[in-house]
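Peer 1: Here the protein sequences line up with chains A and B, keeping their order.
Our numbering puts the first residue of the first sequence at 25, with every later residue one more than the last.
Our numbering puts the first residue of the second sequence at 419, with every later residue one more than the last.
A single structure is presented below for examination.
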Amino acid sequence: MMQMTGADLIVKLLERQGISTIAGVPGGAALPMYDALSKSETIHHVLCRHEQGAGFIAQGMARVSGRPEVCLASSGPGATNLVTAIADAKLDSIPIIALTGQVPLSMIGTDAFQEVDTYGMTIPITKHNFLVRSAKDLLEVIPAAFRIAMSDRPGPVLVDVPKDVQNQMVSFDAYPDVVLPDAAPTFDIAAVEEAAKMIEAAERPVLYLGGGVIHSGAAAMAVTLAEQASLPTTMTLMALGAMPMDHPLAIGMLGMHGARYTNYVLEEADLLICVGARFDDRAIGKTAEFCPNAKIIHIDIDRSELHKVKDAHVAIAGDVGQVLAELLPRVKPQLRKRWLSHVESLKGRFPLAMPGIEDPRTPYGLIHAVANCLDDSAIITSDVGQHQMWVAQAYPFRRSRQWLNSGGLGTMGFGFPAAIGAALAAPERTVVCFSGDGSLKMNIQEMATAAQEGVNVKIILMNNQSLGLVHQQQNLFYGKRIMASRYERPTDFLKIAEGFGMRAVDLDPSPNPRATLAEALHTPGPCLIHATIDPNEFVYPMVPPGAANSEMIG
Amino acid sequence: MSEQNAKPLSEFIPDVPETTGFNKVVLELGVANHPGVMSHICNLFARRAFNVEGILCMPVGSGETSRIWLLVFEDQRLEKMIRQVEKLEDVRYVERHAGDHPVFGRLDEFFQ
């Protein structure tokens with residue numbers, strides 16, 4: 025018979041589940057859990073400067089490791105500060121466990137100090153959530169949280185634990201078993217056979233890969249399918265790297281900032297094979313005009329995604345890796361010379377224009393200069409905005425989990441703490457965070473965390489002293505009326521970084537920015553690399569919001 | 419309550435989406451019995467402005483699970499809605515019944 029407090033039990037169960045790093049911020053209602061953590065010999069606690077930073081650090085770890093990772097916060101403002109990072113994990117299907125302290129059970133509902141209805145508040149932004157009312161329930165709740173977070177379509181799970189439940193003694197005979205993901209749902213082989221026939225009969229098929237391919241670890245199989253059936257392959261923002269960008273069948277990212285030829289190829293498709301993607305509005309533009317002539321095969325582990333936005337002719341609810349494993353032997357090798365040469369000619373006529381690629385003082389040039397200093401082992405994160413789209417268009421991603429970004433929620437402030445998390449999960453890799461001056465300010469306090477942990481994170485700050493994508497939209501769609509998108513006063517980011525104890529390098533005054541950049545990237549430890557860019561550089565092409573993908577500007 | 423309206427619901431109640439029809443459907447949900455379940459389910463419908471006309475919920479058996487009966491209007495989005503409900507961790511099953519299912523039938527007298 026074992027006896028311990030709820031808080032000790034939580035920490036033991038996390039250890040047993042293989043958790044070795046937790047990102048968090050302590051506070052009154054979480055103190056018993058922190059006391060329990062002080063006794064753990066295997067868990068390293070990363071003290072963040074804001075709970076949102078802790079949430080994104082957990083996300084960065086989970087996006088790299090592919091397994092649930094944990095963040096920890098106190099009640100009230102601790103929990104509300106986590107909300108954005110949890111919602112972000114929900115929209116990108118990232119398995120994180122958020123543990124929050126809560127006021128004691130007897131005080132719930134009394135507007136107690138630092139009380140907020142964390143459970144109620146997080147219902148719509150979690151895959152599932154728990155309010156633990158008794159310490160013995162933790163024996164079921166903690167394993168269930170892990171199981172739910174990593175099974176089927178992954179997602180965030182929140183566990184809210186009142187302070188008295190953390191302190192309550194609990195007796196039990198044995199620890200619950202370490203949990204593994206549930207078996208994926210079984211699917212209909214007849215539908216797979218039907219899909220294989222459709223692929224064989226199609227004349228102008230396109231393979232459309234989404235983040236589900238990354239989550240399922242199915243990138244290699246997706247590439248094999250493309251090669252076997254000669255399928256031009258587009259990737260969503262979440263799937264970049266699933267097929268190497270320089271693969272002859274890769275036709276780049278689709279959607280709002282996709283290359284012209286990519287959207288034109290989709291326009292002509294007679295069959296769209298959607299694997300682990302969800303027809304997001306930024307990817308498909310106006311729904312009715314997306315792939316107007318194509319039949320659709322849709323493979324996704326989440327049944328509620330099938331027929332949600334576009335009706336599929338064949339819909340398969342299953343793990344994309346398992347479905348592809350059944351599909352591959354049924355798909356006949358084909359060459360499709362005519363279709364592939366047509367795709368090639370569209371690519372030749374309407375390529376992605378990357379002006380300034382030879383000049384490291386332009387956005388595309390800087391991205392290429394960074395890529396030239398690194399190999400495929402580096403992890404690239406980004407914040408949200410123009411820099412994110414430029415990197416998505418131009419960086420030569422070549423493997424799964426090489427690229428971490430906030431796709432669904434589009435959270436400015438994601439990139440830097442996610443990069444810290446990535447570096448904690450993969451300390452042997454170089455992690456580069458592309459950011460803008462707007463985004464970086466939204467979690468800039470985590471520079472202190474990066475310096476404390478000594479993580480190998482390099483921030484490439486593209487500073488245009490504005491909220492670039494807002495500035496761009498006001499220029500293009502709001503009669504050039506610039507409202508609240510320019511920062512009038514410059515910020516000295518170099519001093520800020522140094523103030524937090526991080527090294528800072530400025531490419532602006534450097535006579536040889538490539539050499540300065542290479543030196544900074546190759547020196548271990550956290551570093552801010554600052555580069556001014558022109559605020560009148562816009563991301564092109566661009567599909568105006570609400571328009572069809574064929575109506576690109578630029 | 420089994421009486422069917424002759425006009426689309428949107429003519430009677432403001433803010434009801436045009437996708438809402440006037441045939442009623444009864445949904446039966448088997449769910450885990452704990453204090454947060456109703457919130458999870460009602461949130462899904464409320465977020466999508468999917469009109470729920472009636473709700474009944476009682477524990478069954480030993481109280482481990484509850485059964486929820488929902489009276490809703492037929493809507494183009496109903497199938498998608500059901501798939502979202504089925505995805506909830508606490509939902510064990512969802513069954514669809516005709517609008518004249520007797521479960522709501524004798525409640526009229528309590529709503530006079």
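Beta carbons are placed, not taken as given, at the ideal position from N, Cα and C, and that holds for glycine.
1) Out of curiosity, what's the CA-to-CA distance linking Ser99 (chain A) and Arg510 (chain A)?
2) Is it the case that the Cβ atoms of Ala266 (chain A) and Leu295 (chain A) are separated by a distance below 7 Å?
3) With a Cβ-Cβ cutoff of 7 Å, do Ala86 (chain A) and Glu93 (chain A) count as a contact?
4) List the residues of chain B that His337 (chain A) touches, going by C-beta distances under 8 Å, in chain order.
5) For Leu71 (chain A), is the classification buried or exposed, using 16 other Cβ atoms within 10 angstroms of its Cβ as the cut-off for buried?
6) Do Val156 (chain A) and Arg40 (chain A) have their C-beta atoms within less than 7 Å of each other?
7) Can you give the beta carbon distance from Thr454 (chain A) to Asn488 (chain A), rounded, assuming they're within the 8 Å contact cut?
8) Within 7 Å of any Cβ in chain A, is that where the Cβ of Asn461 (chain B) sits?
9) Give every residue of the same chain whose Cβ lies closer than 8 Å to the Cβ of Arg73 (chain A), excluding the five residues on either side of it in the sequence, and list them in chain order.
10) With DSSP as the reference, please indicate the residues paired to Glu446 (chain B) in a beta bridge.
11) Beta carbon of Gly84 (chain A), beta carbon of Ala393 (chain A): below 7 Å?
12) When the Cα of Tyr58 (chain A) is compared with those of A:Leu115, A:Leu500, A:Lys187, which residue comes out closest?
13) Give the DSSP-derived three-state secondary structure of Asp493 (chain B) in the structure shown.
14) What's the call for Val478 (chain B), buried or exposed, on a 16-neighbour Cβ count within 10 Å?
15) Is the Cβ of Arg501 (chain B) closer than 7 Å to any Cβ of chain A?
16) Which chain A residues are close to Glu507 (chain B), counting only those with a beta carbon under 8 Å from its beta carbon?
17) So, for Ala442 (chain A): in the same chain, excluding its five sequence neighbours on each side, which residues have a beta-carbon less than 6 Å away from its beta-carbon?
18) Which ranges does the beta strand (DSSP E) cover as unbroken runs of at least 3 residues, wholly within the region 172–204 of chain A, from first to last along the chain?
19) Strictly under 7 Å for the Cβ-Cβ distance: is Ser457 (chain B) near chain A by that measure?
20) Specify, as a first and last residue, the run of the beta strand (DSSP E) that Thr582 (chain A) falls within.
21) Check this for me: beta carbons of Gly235 (chain A) and Met262 (chain A), under 7 Å apart or not?
22) What's the gap between the Cα of Asn191 (chain A) and the Cα of Glu527 (chain B)?
23) Within 7 Å of any Cβ in chain D, is that where the Cβ of Arg327 (chain A) sits?
24) Counting only the same chain and skipping the five closest in sequence on each side, list residues whose C-beta sits under 6 Å from that of Leu255 (chain A).
25) Quick one: is Ser401 (chain A) buried, meaning 16 or more other Cβ sit within 10 Å of its Cβ, or exposed?
26) Taking 7 Å as the limit between beta carbons, can you name the residues of its chain near Met413 (chain A), skipping five residues before and five after?
27) Does the beta carbon of Ile238 (chain A) sit closer than 7 Å to a beta carbon anywhere in chain B?
28) What does the Cβ neighbour count give for Asp652 (chain A), buried or exposed, with the cut at 16 atoms within 10 Å?
29) Excluding the five sequence neighbours on either side, which residues of its own chain have a C-beta within less than 6 Å of the C-beta of Asn499 (chain A), listed in chain order?
30) Going by the DSSP bridge assignment, what does Gly460 (chain A) pair with across the sheet?
31) Buried or exposed for Asp558 (chain A), please, with buried defined as at least 16 other CB atoms from any protein chain shown within 10 angstroms of its CB.
32) By how many angstroms is the C-alpha of Lys151 (chain A) removed from the C-alpha of Ala173 (chain A)?
33) By how many angstroms is the C-alpha of Phe463 (chain B) removed from the C-alpha of Met499 (chain B)?
34) List the residues of chain A that Gly454 (chain B) touches, going by C-beta distances under 7 Å, in chain order.
35) Run the CB neighbour count on Asn536 (chain A), radius 10 Å, all protein chains shown included, and call it buried at 16 or more, exposed below.
36) Are there 16 or more other CB atoms within 10 angstroms of the CB of Phe529 (chain B), so buried, or fewer, so exposed?
Peer 2: Put simply:
1) 36 Å
2) no
3) With a cutoff of 7 Å on beta-carbon distance, Ala86 (chain A) and Glu93 (chain A) are scored as near each other.
4) The contacting residues do not exist; His337 (chain A) stays about 17 Å from chain B at best.
5) exposed
6) In this structure, Arg40 (chain A) does not lie closer than 7 Å to Val156 (chain A) by Cβ.
7) Not confirmed; about 25 Å, so no contact.
8) yes
9) Excluding its 5 nearest sequence neighbours in each direction, Arg73 (chain A) has C-beta neighbours in its own chain below 8 Å: Val49, Gln469, Glu470, Ala472, Thr473, listed in chain order.
10) B:Trp487, B:Glu513
11) Not in contact: Gly84 (chain A) and Ala393 (chain A) (Cβ atoms no closer than 7 Å).
12) A:Lys187
13) strand
14) exposed
15) yes
16) Lys151, His152, Ile172
17) Its chain contains Phe80, Gln83, Gly84, Thr405, Leu428 as the residues whose beta carbon lies nearer than 6 Å to that of Ala442 (chain A), once the 5 sequence neighbours on both sides are disregarded; these appear in chain order.
18) 181–186, 193–196
19) yes
20) Because chain A spans 25 through 578 in this model, residue 582 (chain A) falls outside it and cannot be assessed.
21) yes
22) 50 Å
23) Going by chain labels, chain D is absent from the structure shown, which instead holds the protein chains A and B.
24) Pro229, Leu231
25) exposed
26) His281, Val563
27) no
28) Lying before the first or after the last residue shown, residue 652 (chain A) is absent from chain A, which here runs from 25 to 578.
29) If the five residues before and after Asn499 (chain A) are omitted, its C-beta is found closer than 6 Å to no C-beta atom of its own chain.
30) Partner(s): A:Met486.
31) exposed
32) 7 Å
33) 8 Å
34) Annotation: Cβ neighbours of Gly454 (chain B) in chain A (cutoff 7 Å, chain order): Tyr143, Leu155.
35) exposed
36) exposed
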